[in-house]
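A.B. asks: The sequence shown begins at 3 in the numbering used here and counts up by one. Heads up, the beta-carbon is just placed ideally off N, CA and C, and yes, glycines get one too.
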Amino acid sequence: MVTLEKDINLQQILTQYHDNNQHSNNIQVIEAKKGDLIWNFSSKSDIYLFNMKGIVYFEEKIIVPTKEKSMLNTFLLFKDQSCDLGWLSIDEGAEKTLTALSESKIILVNKGFLNRLLENMSRSSEKYHIRTQQDMFKQLHQIRSYWMLLPAEQRVFEVIAWCITSNNSGFLPNCITQEIIAKLSNSSREYVNLILSKFKKQGIISLKPIIIKKIF
C-alpha cells in the first residue's frame with residue numbers, strides 16, 4: 003500500500019512539473035465541479051490517473067451483441083488514490099467516461115513519461131516508492147475483481163464498506179447514490195434499495211447518512 007506521505011510527494015512533483023511546463027502533453031491537471039464530465043474516450047488508454055481531491059467515477063459501457071443492454075464496468079477513485087486507466091478497462095473500443103461526483107482535482111499522466119520519471123527517481127532514494135505505487139494500481143484492480151466473486155448481498159455490503167473506508171469519513175458520502183452503488187456492485191437499483199432496508203432492520207447499517215454499525 004502506498005503511504006500517504008509518499009503518494010502526496012509524487013503528486014507534488016507532478017504538479018510542479020505541470021506548473022513549469024504548462025504546454026506539456028505528458029501531464030494534464032483538471033479541476034472539476036460536481037457532475038462535470040472530466041473525460042470521454044473510447045480507445046486504449048496509456049494514462050495514469052492521480053486523484054488529488056474529491057471522488058471520481060469511472061464508467062465503461064461494453065456492448066454485448068447477444069443482449070439488448072450494454073454491460074457496465076465501473077469504479078470509484080477517492081482522494082489520494084491513483085490507478086492505471088488501462089487496467090480498469092475491459093474493452094479497448096468501448097466508450098469510457100470519467101465524471102466528478104464531487105468537486106475534484108485530478109492529474110492525468112502519460113504512462114511512458116511517468117515510468118521515466120520514476121526510473122530517474124529510483125536512481126536517488128525512491129526505489130521503494132516505485133514498487134508501492136505499482137502495488138496501489140494492482141490493489142484497486144484486485145478489489146474490484148474480488149467484489150464480483152461475492153454473493154449479491156455481501157457484494158453490496160463490501161462496496162459500501164470500501165467507499166466509507168476510502169472516503170475516511172465514517173459514513174457514505176451523499177454523492178455516492180444508490181444508483182452508483184448498484185453499478186459498482188453489478189446490481190439493480192431496486193435490489194440495492196431492498197438490501198439497504200434489510201441491513202437497516204438487521205442493525206447492520208443506519209441510513210441518512212449510511213453508517214456501518216456492525217460487520218455483515
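Buried or exposed, going by whether 16 or more other CB atoms sit within 10 Å of the CB of residue 148?
C.D. replies: exposed
A.B. asks: Could you check which residue in 67, 90 and 97 has the C-alpha nearest to that of residue 78?
C.D. replies: 90
A.B. asks: Using only the alpha-carbon positions, how far apart do residue 21 and residue 27 sit?
C.D. replies: 13 Å
A.B. asks: Work out the CA separation of residue 65 and residue 75 for me, nearest whole Å.
C.D. replies: 11 Å
A.B. asks: Could you pull the DSSP bridge partners for residue 76 from this structure?
C.D. replies: 61
A.B. asks: Which residue spans inside the segment 148–185 form an unbroken alpha helix (DSSP H) run of at least 4?
C.D. replies: As far as the segment 148–185 is concerned, its whole alpha helix (DSSP H) runs of at least 4 residues are 154–169.
A.B. asks: Using a threshold of 9 Å, state whether the C-beta atoms of residue 52 and residue 145 are closer than that.
C.D. replies: no
A.B. asks: Leaving aside the five residues before and after residue 150 along the sequence, list all residues of the same chain whose C-beta is less than 8 Å from its C-beta, in chain order.
C.D. replies: Excluding residues up to 5 positions away in sequence, 157 and 188 lie with their Cβ nearer than 8 Å to the Cβ of residue 150 in the same chain.
A.B. asks: Can you tell me where the alpha helix (DSSP H) with residue 195 in it begins and where it stops?
C.D. replies: 191–203
A.B. asks: Comparing alpha-carbon positions, which option in 216, 171 and 60 lies nearest residue 92?
C.D. replies: 60
A.B. asks: To the nearest angstrom, how far is it from the Cα of residue 112 to the Cα of residue 165?
C.D. replies: Cα to Cα, the separation comes out at about 27 Å.
A.B. asks: Is the beta carbon of residue 219 sitting closer than 9 Å to the one on residue 200?
C.D. replies: Any question about residue 219 goes unanswered here, given that the chain covers just 3 to 218.
A.B. asks: Buried or exposed: where does residue 186 fall if 16 or more other Cβ atoms within 10 Å of its Cβ makes it buried?
C.D. replies: buried
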